[in-house]
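Chemist:
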Amino acid sequence: MRFINAPSIRNVPNVGWQIMLEDERWHTCRQEIDARFIANGVAIANSVIRGERAGEEVARELDQAAASVSRHIGECETGTLIAAAASHARLDTRACDASSDWVREDESFPILVSGTVVKCESEEDRRLLADAKLIVERQVTNTWFAPDRLELIGDACERYSIWKYQRLVKAAIDRSGSRAAELPPQHS
1 MRFINAPSIR NVPNVGWQIM LEDERWHTCR QEIDARFIAN GVAIANSVIR GERAGEEVAR
61 ELDQAAASVS RHIGECETGT LIAAAASHAR LDTRACDASS DWVREDESFP ILVSGTVVKC
121 ESEEDRRLLA DAKLIVERQV TNTWFAPDRL ELIGDACERY SIWKYQRLVK AAIDRSGSRA
181 AELPPQHS
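The UniProt record's numbering puts the first residue of the sequence shown at 1, with every later residue one more than the last.
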């Protein structure tokens with residue numbers, strides 16, 4: 001997956017707010033906030049591509065940005081790239097187009113952890129490491145993982161020799177013992 005060129009925004013008298021996207025054409029938006037919302041979506045998408053952000057909340061923001069591009073500009077490459085970044089944020093590579101640059105060439109499931117690409121053996125391992133990133137890098141405090149999920153996350157960190165994360169996840173496991181009663185019941 002490639003980075004999206006940062007858009008330019010301008011205000012043209014008697015025309016309105018315009019934004020220049022990947023196609024290097026100016027597109028008119030009804031309001032400044034619409035152009036800025038799209039530009040923010042591009043910035044979020046690029047942070048996902050760099051491996052700095054991930055998760056369902058980020059993916060929802062990107063879905064809204066892609067919808068805004070579609071609503072104000074129509075179908076274009078920028079909207080497609082933002083939507084692909086949303087799929088990437090969800091760690092769902094199957095949703096990405098087969099012609100995407102992000103398609104795996106080998107049988108590993110890569111994820112960027114602390115600036116290093118870790119090649120996981122399975123999609124589940126990659127999801128576990130993504131959860132570890134949420135715990136460590138985003139200091140998730142209002143989202144609780146079930147104690148058994150925390151154990152799996154810690155095991156994945158150990159299996160892939162990510163010791164710093166493993167220590168911090170272990171601390172989260174130790175803290176979760178007192179919070180287990182606060183966890184919502186899991187329905188099957």
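Ideal placement from N, C-alpha and C gives every residue a C-beta, glycine not left out.
Is phenylalanine 3 buried or exposed, if buried means 16 or more other CB atoms sit within 10 Å of its CB?
Modeler: The residue in question, phenylalanine 3, is exposed, as its Cβ has fewer than 16 Cβ neighbours within 10 Å.
Chemist: Between the C-alpha atoms of glycine 51 and leucine 128, what's the straight-line distance to the nearest angstrom?
Modeler: Their backbone Cα atoms lie some 15 Å apart in a straight line.
Chemist: From which residue to which residue does the beta strand (DSSP E) around phenylalanine 109 run?
Modeler: Unbroken beta strand (DSSP E) run through phenylalanine 109: 109-113.
Chemist: In three-state terms, what does DSSP make of glycine 74?
Modeler: Coil at glycine 74, not helix or strand.
Chemist: Consult DSSP for isoleucine 8 and reduce its assignment to one of helix, strand or coil.
Modeler: First, the residue type needs correcting, since residue 8 is serine and not isoleucine in the sequence shown. The answer is strand: DSSP assigns serine 8 an E or B state.
Chemist: Measure the C-alpha to C-alpha separation of asparagine 73 and histidine 27 and round it to an integer number of angstroms.
Modeler: According to the sequence as given, residue 73 is isoleucine; it is not asparagine. Answer to the nearest angstrom: the Cα atoms are 6 Å apart.
Chemist: Between the Cα of lysine 133 and those of Arg167, Cys29, Ala39, Gly16, spot the shortest distance and give me the residue it belongs to.
Modeler: Here the closest residue by C-alpha is Arg167.
Chemist: For arginine 25, which option in Val48, Glu61, Ala54, Cys76 has the closest C-alpha, if you only look at C-alpha atoms?
Modeler: With distances taken between Cα atoms, arginine 25 lies closest to Cys76.
Chemist: For valine 118, which residues does DSSP report across the bridge?
Modeler: Bridge partners of valine 118: Ile111.
Chemist: Which residues mark the beginning and the end of the beta strand (DSSP E) in which isoleucine 19 is found?
Modeler: Counting along the chain, the beta strand (DSSP E) containing isoleucine 19 begins and ends at 16-20.
Chemist: Identify the residues that DSSP records as bridge partners of tryptophan 26: which are they?
Modeler: Per DSSP, Met20.
Chemist: Just to confirm my understanding: we take glutamate 151, look at its own chain, exclude 5 residues before and 5 after, and list those with CB closer than 7 Å. What are they?
Modeler: Answer for glutamate 151: Ile173, listed in chain order.
Chemist: Let me make sure I understand the geometry here. Which of Pro147, Ile38, Pro110 has the alpha-carbon closest to that of leucine 81?
Modeler: When each option's Cα is compared against that of leucine 81, the closest is Ile38.
Chemist: By Cβ distance below 8 Å, which residues in the same chain neighbour proline 110 in space, the five residues on each side in sequence not counted?
Modeler: The residues are Arg104, Val117, Val118, Lys119, Cys120, Arg126.
Chemist: Look at the Cβ atom of alanine 35, then the Cβ atom of proline 13, and state whether they are nearer than 9 Å.
Modeler: No, they are not a contact pair.
Chemist: Quick one: give me the first and last residue of the alpha helix (DSSP H) that serine 47 is part of.
Modeler: Run containing serine 47: 32-49, per the alpha helix (DSSP H) assignment.
Chemist: Can you list, in chain order, the residues of its chain with a C-beta nearer than 8 Å to that of aspartate 63? Leave out the 5 residues immediately preceding and following it.
Modeler: These residues qualify, in order along the chain: Ala83, Ala86.
Chemist: Looking only at its own chain, which residues have a Cβ that is under 6 Å from the Cβ of arginine 10, when we skip the five neighbours before and after it?
Modeler: The residues are Gln18.
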